[in-house]
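In the numbering used here, the protein residues as written are 20 to 178.
See structure below.
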């Protein structure tokens with residue numbers, strides 16, 4: 020936009036440019052009417068290939084890391100074995116050379132076995148797990164024959 024006083028006056032097109040335009044129009048009309056494929060079958064913007072962006076090869080150093088540090092292990096020893104069960108029915112199981120523990124729902128039998136051995140120093144024959152109706156996991160730990168479950172319970176679980 021120009022102010023009214025400084026607006027340039029439009030120049031009429033020269034006769035040479037008008038002649039060139041008419042020549043080009045004639046060439047295009049001839050090409051379209053003939054059977055040549057140069058104008059008829061070229062369709063722009065209809066290619067099925069997806070062009071690669073010119074920015075995809077540029078690697079920019081991020082301003083900050085997406086992860087600030089390694090993730091915390093949420094299933095540590097105290098999440099695998101929460102606490103030993105000391106109810107009356109659990110004590111009956113203890114007399115049968117079993118120990119009862121509440122454990123994390125995501126813990127498996129191998130992890131329970133390793134953690135009980137590390138925390139309580141107990142060798143065991145096998146581990147049986149079940150998920151209670153309230154969603155907690157209970158682990159029955161069958162002790163090795165050379166251990167007495169009552170002695171282990173008195174030594175480890177009494178505070």
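No residue lacks a Cβ here, since even glycine has one placed at the ideal position from N, Cα and C.
Here the stretch 84-92 makes no contact with the stretch 125-135; the two share fewer than three CB pairs at distances below 8 Å.
Nearest neighbour of residue 160 by Cα position, chosen from 124, 112, 97 and 72, turns out to be 112. Residue 146 has its alpha-carbon roughly 17 Å from the corresponding atom of residue 98. If you compare the alpha carbons of 119, 93 and 32 with that of residue 103, the shortest gap goes to 119. In the three-state DSSP reduction, residue 117 falls in the strand class (E or B). In the three-state reduction of the DSSP assignment, residue 108 falls in the helix class, which pools H, G and I.
Here DSSP, grouped into helix, strand and coil, assigns residue 139 to helix.
Counting every other CB atom within 10 Å of its CB across the protein chains shown gives residue 84 a total below 16, marking it as exposed. In the DSSP annotation of this structure, the continuous segment of the beta strand (DSSP E) that includes residue 100 starts and ends at 100-103. Burial is judged here by how many other beta carbons sit within 10 angstroms of a residue's own beta carbon; residue 123 has at least 16 and is buried. DSSP places residue 159 inside the beta strand (DSSP E), whose first and last residues are 156-162. If you draw a straight line from the Cα of residue 96 to the Cα of residue 173, it is about 21 Å long.
Rounded to the nearest whole angstrom, the CA to CA distance from residue 94 to residue 141 is 21 Å.
Excluding residues up to 5 positions away in sequence, 124 lie with their Cβ nearer than 8 Å to the Cβ of residue 154 in the same chain. By the 16-neighbour rule on beta-carbons within 10 angstroms, residue 79 is exposed.
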